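Below is one structure; the comments refer to it alone.
Numbering (this note's numbering), first residue to last: 157 to 579.
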C-alpha cells in the first residue's frame, strides 16, 4: 500500500513537470490528442491501470483548461447531485469507524472519496477549449483489432509485453482480457458518437455489432450482460425519448430493490437448483457467494459491517465449501454484485444513499443542455452497461473501476460537446 502511494505521488509530480515542459514547447495539445488515442488501447489490453490513466487525465486536462470558478458554478447547477454525493461519501466515512479494521478502512474510504470527487470535478469542468478530435474512435478501433489478434494468436501482445518489458513469462488465458472486455462494452457508446455526428448510422451499428462479436469471443460473462443491457437501454431511450428519464430512474430503483429479492428466490427455490446445471460455473459460484453474503446481511441489515468490510471478511477466510474435490471461497474479496456489496458494507441506509446518487446523476444528465438530445440515449446506454456489469462482477469501490467510468464519460462529454459547438 505504501509503495503504491509513493509510486502514484511520483507519477503526479513527474506529470506536472512533464506537462510544464510540453507547454513550453507548445506541444500540449498534441499530447492531449495522443492521450485520448492511446487510452482505449491500454485499457482494453489491461496494460495500464485505469487509476494511473485517471491521474494522468486529471493532471493533463486540469493543468491549464480547468478553472475553479467553473467547477463551483457547475456544483451550483447540480446541487441535488452534489448533496446526495456528499451524503453518501460521508456515510461511507462514518461506516469505516465501526468497520472490522477501522484504521485501514478509514484510509480506503478517504481514497475512494478523493477519487470520486476528483472525477466529478473533471466532469464538471469546462471542456470548450479541449481539442476537437475523433482519435478516441481511432484508438477504440485499434483496440478491437488487438483484442481480435490476441484471440487468434493466443495472447501474442500481452505475452510479449510481459516477456520483453516486464521480464515475466506468462501463459495466456482469455480471462486476462476480462477487464478489457468490460471497457470495450462501455466505451463503444462513446466511440460511435463521431459516426453519428457524420450521419453514418450504418457504420455506427456495424461498430456496435463488431464490439458485440469481440466481447462474445472472450469469457467475460459480465461484459456480455453489460453490452446487452446497454443495447436494450438505447432502444428504449430512442422509443420513449422525453419520457425515458423517468423510466430509467424507475428501472434503476427496481434493480436495487429486485436484485436481493430475486437472489433470495433463486437460492431458496428447490426448482431453481436445476438451473445451476445450465449456467456458466462463474455464475454458479456467484450464487453460492450471494447466499453466504445474504446470510451475513440478515444479521446487520440496517448499517452493514462497515466500509470495505467485504475485503476484510474475505481475508479472514471464515467460510468455504467443497464442490467435488475443490474448495471454493464463499466471499472472495468482494460479492461480485454491487447492490449486495453495498448492503453488506453499508446496509439499507447506504443502499438508499447510493440509489439517490444514481437518480441525481440521471436527473442532471436530463437537465444538461450541453449534451444534445440526440446523444443522451448513448450516455444512458453507457451508464446502463456500467451498472449491469457492476451487478455481476468487480468491487464497485475499486479505484480502477471508479476511474474507468470517469475516463469514458469525460471522453463522451468532449465528443458530444463538439456537436453542440457546431450548432
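The C-beta atom is built at its ideal place from N, Cα and C for all residues, glycine as well. Please read these numbers as outputs of a predicted model, since none were measured by experiment.
CA-to-CA distance, residue 383 to residue 254, given in whole angstroms | 38 Å
Buried or exposed (CB count within 10 angstroms, at least 16 for buried), residue 310 = exposed
Going by other Cβ atoms of all chains shown within 10 Å of its Cβ, with 16 needed for buried, is residue 610 buried or exposed?
-> Summary: the structure shown does not reach residue 610, with the chain confined to residues 157 through 579, and so no result is reported for it.
Alpha carbon to alpha carbon, how far is residue 579 from residue 531?
-> Note on residue 579: pLDDT 40, under 50, position unreliable in the model; the coordinate value appears next. Taking the straight line joining both Cα atoms gives about 14 Å.
Enumerate in chain order the residues of its own chain whose CB-to-CB distance from residue 400 is below 6 Å, with the five nearest sequence positions on each side excluded.
-> 393
In angstroms, rounded to a whole number, what distance separates the CA positions of residue 263 and residue 244?
-> 16 Å
Okay, do the segment 532 to 541 and the segment 182 to 194 touch, 3+ Cβ pairs below 8 Å being the bar?
-> no
Out of 525, 458 and 566, point me to the one whose CA is closest to residue 247's CA.
-> 458
What are the complete alpha helix (DSSP H) segments, minimum 4 residues, inside the segment 242 to 303?
-> 258 to 280
Beta-carbon spacing of residue 389, residue 540 below 9 Å | yes
Quick one: what does DSSP say residue 562 is sitting in, helix, strand or coil?
-> helix
What's the C-alpha gap between residue 242 and residue 270?
-> 11 Å
Look at the Cβ atom of residue 293, then the Cβ atom of residue 348, and state whether they are nearer than 9 Å.
-> yes
DSSP three-state assignment for residue 332, whether helix, strand or coil | helix
Would DSSP call residue 531 helix, strand or coil?
-> coil
Residue 510, enclosing alpha helix (DSSP H) - first and last residue = 494 to 523
What is the DSSP secondary structure of residue 448, counted as helix, strand or coil?
-> helix
Spatial neighbours of residue 234 in its chain, beta-carbon cut-off 6 Å, leaving aside the 5 residues before and after | 520
Quick one: what's got a C-beta closer than 7 Å to residue 525's C-beta in the same chain, skipping five residues either side?
-> none
Residue 553: which of 497, 511 and 528 sits nearest, CA to CA?
-> 497
Residue 463 - containing alpha helix (DSSP H), residue span | Premise fails: residue 463 is in no alpha helix (DSSP H) and is neither H nor E.
Which first and last residues belong to the alpha helix (DSSP H) in which residue 388 is found?
-> 377 to 396
Opening and closing residue of the alpha helix (DSSP H) in which residue 361 lies | 357 to 373
Can you tell me the Cα-Cα spacing of residue 198 and residue 424, whole angstroms?
-> 43 Å
Round the Cβ separation of residue 461 and residue 266 to the nearest angstrom and send it over; I've been treating them as touching at under 8 Å.
-> At roughly 19 Å, the Cβ-Cβ gap does not stay under 8 Å, so residue 461 and residue 266 are not in contact.
DSSP-derived helix/strand/coil call for residue 228 = helix
Near residue 251, which residues of its chain fall below 6 Å by C-beta distance, leaving aside the five closest residues on each side in sequence?
-> 462, 463 and 502
Inter-residue CB distance, residue 538 and residue 346 (contact presumed, cutoff 8 Å) | 7 Å
Rank 518, 546, 465 and 421 by C-alpha distance to the C-alpha of residue 260 and give the top, closest one.
-> 465
Residue 495 versus residue 367: straight-line alpha-carbon distance, rounded | 27 Å
For residue 491, which three-state DSSP category applies?
-> coil
Considering only the beta carbon of each residue, do residue 516 and residue 273 sit closer than 9 Å?
-> no
Near residue 505, what residues of its chain come up, given a Cβ to Cβ distance below 7 Å and the 5 sequence neighbours on each side ignored?
-> 247, 458 and 459
Quick one: give me the first and last residue of the alpha helix (DSSP H) that residue 414 is part of.
-> 400 to 424
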